[in-house]
Amino acid sequence: FEPVFWREGGTALANGAGYGGSTTNTSIELQPDQFFHGPGDYYWGILLVKLEPAYTREAYLGGQRRVRVEGGSSGGGG
38 FEPVFWREGG
48 TALANGAGYG
58 GSTTNTSIEL
68 QPDQFFHGPG
78 DYYWGILLVK
88 LEPAYTREAY
98 LGGQRRVRVE
108 GGSSGGGG
């Protein structure tokens, strides 16, 4: 799976920007200070992805929760 973020008007499959990478584990830990998409309002969700033989986005698994990312200094917590 892969956590993704996208702005209003977009979709997880077409516009979702990955955050934290893809994993075959059952969980992933995301660090807020490593969010590189900039401040603003986003939606987040989970995609089912295939990693081999080539990366493909297979399905949107859900989420679509709204989150606001506040601005901060680069490299610092926002």
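For the sequence shown, the tail end lands on 115 under this note's numbering, and the numbers increase by one without skipping. Idealized CB from N, CA, C, for every residue including glycine. Just so it is clear, the structure is predicted and the values come from calculations on it, not from any experiment.
When the options are compared against residue i, the one with the closest alpha-carbon
i: L98; options: D70, Y92, L85; result: L85
i: F73; options: G57, I65, S64; result: G57
Whole-angstrom distance between residue j and residue i, CA atom to CA atom
i: L50; j: R94; result: 7 Å
i: W43; j: Y80; result: 5 Å
i: R105; j: E89; result: 33 Å
i: Q78; j: A91; result: Per the sequence presented here, residue 78 reads as Asp, with Gln not at that position. Each residue's alpha carbon lies about 31 Å from the other.
i: T63; j: V41; result: 16 Å
i: R103; j: T61; result: 25 Å
Beta-carbon gap between residue i and residue j smaller than 9 Å
i: Q68; j: G82; result: no
i: P76; j: G108; result: yes
Close-in-space but distant-in-sequence residues of the same chain around residue i (CB under 6 Å, 5 per side omitted)
i: E39; result: G55, S59, L84, V86
i: A96; result: L85
i: N52; result: W43
Sequence ranges, alpha helix (DSSP H) only - wholly within the segment 39-113, length at least 4: 49-52
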